[in-house]
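Here's the structure, in structure tokens; my notes come after.
Residue numbers (UniProt numbering): 1 to 657.
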């Protein structure tokens, strides 16, 4: 059966996957490469969050295409059929008692009606009104008052649309926002996946299918991050790029500012310290600010005042149609440098050792939805633990999380959603072009963040396949061209002698689970195998190494002595075996260790997963397992050894700013 897709034409013989595939790659529909400054309230800008309850409806038609065929976006969603309340931001999977929604694949529809202030709709010239989504997983089409305003592919990065002409041209101030969202993954999405139809009618219902993935976390879907309406003047500051260099007594802040809407504008810049004192000024779209005796941005436990941020105020004045317009934007700026040698990772010229965690955006009920109490709890646990870093495994995290990393001094390995790249077709040109576009979006969003010290383009790809050489050479070179100031890596679990992507990275990041997935239950093999792993990688590439994942599942409250797998004692014992080798190698060329995982998290159901992955040192509810105390003792000991801070700070007492 061939189904008509929204763009017109036949969608192909497989109704569900063919529909999003057609949509995903229509040219010219995806949001363009304009600036993506984080919305902020300023003297010239207003923002309004649209969180709360939205109307929601899953398209349960056999082809998941009823919403397009019947044009649900043309009228209020409640008039198309039954709707339910759905919180935003949140994943939709765990909100209801409907098991079909838990594992639903296809199109779902959201709607929110809001009234806009009259001052947003009037003026000469009227302000620019922008609708922005922090993220929505995976493919989104957005209408305002029945008019399509944007499409976006990807579930972890922001997208936005200028809706001024739509709302300012409509009678009244009602703004009806409709979103069609599809969570189908294909071999060419990031992350990749595939739809498998079960053709055996004696075992499966008609048109029965499942979504297959090659990654070990649940494919939560929904509007996961804040939806915001914000305004700017008709002529406005579109983008700001900042890079920094420093010496003991002088820092240089290079900047580039782009303006849209006027060819005749003036720009002035002021850099203020945390007390509000102006320490440097500049003017024009490109320039350099010099800061005497700067306060550098340092990671947590590397300085008594970590995460120091200046404020860069950019002020634009422009003439437009006889009117004088002014736009003001303030950007947090941290002054720091990153440099990699053959055996060290240097921040501000000093050796930095990553003692941190891997995380997930994951919690009960809300799934991957942004939740402030959870975020603050996690950062308090990170600092209690003595962790100075984390990797955004395996996708970019919310801007709100990244803001706190900047402010608290948590170093970040910023990872793209390139996880589960296992199939040969996922290394083709179609996938490659999308991967390059995702890296452009990620760098555009996070390029000014001092906490981001390295980009990671992928996690555990099939880098032993020959096409991986060209693929990762291209992605890494593209990322370096976008941002020459940071090292680039990807995280590998391939054999050192077979990895085709490793020659192109700046730091080797390797995952291994000796005595778990390999030689399960045999802790005694860890010293030999882990030592050989490090020595083989370093001998081959002469690059610093991070143990980017290691760990063991433990069921809270399950005990065994002698230690046996899945007990808390086994998790502790595995960590100690790894640590004994890491203590030797970090004196040479190992520059970091990131436990897998910070907290238990949900996965697809399977015979090896009991309500998710249990490798967390904290439970999914953020309660510590025994391993958390092992890691805490270790991380504070490392901080004491490597820090020049007073003893009162480098202790187990919580170091809060």
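Beta carbons are placed, not taken as given, at the ideal position from N, Cα and C, and that holds for glycine.
Query                                                                                                                                                                      : Result
Does DSSP classify residue 538 as helix, strand or coil?                                                                                                                   : helix
Sort 265, 537, 488 and 580 by Cα distance to residue 494 and report the nearest one.                                                                                       : 537
With a threshold of 8 Å on Cβ separation, who are the neighbours of residue 507 within its own chain once the five nearest residues in sequence on each side are excluded? : 340, 345, 454, 487, 489, 543, 544, 545, 546 and 591
May I ask which residues mark the beginning and end of the alpha helix (DSSP H) holding residue 67?                                                                        : 66-69
Alpha carbon to alpha carbon, how far is residue 556 from residue 619?                                                                                                     : 7 Å
Taking the straight line between their C-alpha atoms, what separation do you get for residue 85 and residue 355?                                                           : 42 Å
Near residue 522, which residues of its chain fall below 8 Å by C-beta distance, leaving aside the five closest residues on each side in sequence?                         : 515
Which whole-angstrom value describes the C-beta separation of residue 147 and residue 131, a residue pair presumed to lie in contact below a C-beta threshold of 8 Å?      : In fact, because the Cβ distance is near 12 Å, the residues do not count as touching under 8 Å.
Have a look at residue 169 and residue 421 and give me their C-alpha separation to the nearest angstrom.                                                                   : 45 Å
Going along the chain, which residues of its own chain have a beta-carbon closer than 6 Å to the beta-carbon of residue 597, five neighbours each way excluded?            : 358, 615 and 616
Examine the Cβ distances between the segment 220-236 and the segment 316-330 and report whether three or more of them are shorter than 8 Å.                                : yes
If you reduce the DSSP assignment to three classes, tell me which class residue 456 lands in.                                                                              : strand
Look up residue 399 in the DSSP assignment and say whether it is helix, strand or coil.                                                                                    : helix
So, with DSSP's three-state summary, where would you put residue 330?                                                                                                      : strand
Over what stretch of residues does the alpha helix (DSSP H) that includes residue 304 continue unbroken?                                                                   : Taken as a continuous stretch (DSSP letters only), residue 304 belongs to no alpha helix (DSSP H), as it is neither H nor E.
Per DSSP, residue 207 forms a beta bridge with which residues?                                                                                                             : Bridge partners of residue 207: none, in fact.
Could you say if the segment 396-403 and the segment 422-431 meet the contact criterion of at least three C-beta pairs nearer than 8 Å?                                    : no
Can you give me the start and stop residues for the beta strand (DSSP E) that residue 107 sits inside?                                                                     : 107-115
With DSSP as the reference, identify every bridge partner of residue 351, one or two as the case may be.                                                                   : 346
Which whole-angstrom value describes the C-beta separation of residue 224 and residue 369, a residue pair presumed to lie in contact below a C-beta threshold of 8 Å?      : 5 Å
Taking the straight line between their C-alpha atoms, what separation do you get for residue 230 and residue 551?                                                          : 43 Å
Quick one: what's residue 278 bridged to in DSSP?                                                                                                                          : 272
Per DSSP, residue 337 is paired with what?                                                                                                                                 : Per DSSP, none; premise fails for residue 337.
Taking 8 Å as the cut-off, decide whether the C-beta atoms of residue 459 and residue 500 are in contact.                                                                  : no
Can you give the beta carbon distance from residue 154 to residue 438, rounded, assuming they're within the 8 Å contact cut?                                               : 6 Å
Examine the Cβ distances between the segment 570-587 and the segment 626-640 and report whether three or more of them are shorter than 8 Å.                                : yes
Which residue spans inside the segment 195-268 form an unbroken beta strand (DSSP E) run of at least 3?                                                                    : 209-212, 227-232, 236-246 and 250-260
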